[in-house]
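S.K.: I'd like to ask you about the structure that follows.
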Amino acid sequence: MGGQYQATGHAQILTSVIDRGLDIQAASDLPRSFAFDGKLQLEPTIAEATVADLKARGHDVTIVDEPLGGCQAIYVDHQRGVMFGATDHRKDGLALAL
7 MGGQYQATGH
17 AQILTSVIDR
27 GLDIQAASDL
37 PRSFAFDGKL
47 QLEPTIAEAT
57 VADLKARGHD
67 VTIVDEPLGG
77 CQAIYVDHQR
87 GVMFGATDHR
97 KDGLALAL
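Residue numbers (the numbering used here): 7 to 104.
Structure (structure tokens):
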């Protein structure tokens, strides 16, 4: 994840893992949103009903053509002594740990 989206993308991944209890791959796979410069950018995989609801609440919604960010991550589970990798379907790449 880079550019203006980077901090938001990191927060979305961490919130999904810590607060929602998702594994790192499931967190990476979720549809993404990004609020910037008065517009709410949404990936096209977000449900139409959700998009309609956001518009009805007054959000200036744009469905983006390009993916929002890209994630390759390693989650270290110290209690079990294992590592889990996640790689994003939006980008080329992989997650490796030694």
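Note that the Cβ used here is the ideal one computed from N, Cα and C, for glycine as well.
1. Threshold first: 4 residues or longer. Then list the alpha helix (DSSP H) segments lying entirely within the region 57–85, N to C.
2. Kindly list the residues whose CB is nearer than 7 angstroms to the CB of M7, restricted to its own chain and excluding five residues on each side of it in sequence; keep chain order.
3. Mapping DSSP to helix, strand and coil, what is T51?
4. Do D94 and S34 have their C-beta atoms closer together than 8 angstroms?
5. Of all the options A92, K45, R96, which has the alpha carbon lying nearest to the alpha carbon of A4?
6. Distance check for D66 and A58, CA to CA, integer angstroms please.
7. Which of the three DSSP states is assigned to A103 in this structure?
8. Take L100 as the anchor and find which of A79, R86, G87, A53 has the nearest alpha-carbon.
M.R.: On the basis of the supplied data:
1. none
2. For M7, the pLDDT reaches just 47, beneath the cut-off of 50, and the residue's location in the model is therefore unreliable, although a value from the coordinates is still provided. Correct list, in chain order: G15, H16, G75, G76, C77.
3. coil
4. yes
5. The question about residue 4 has no answer, for the chain in this structure spans 7 to 104.
6. 11 angstroms
7. coil
8. A79
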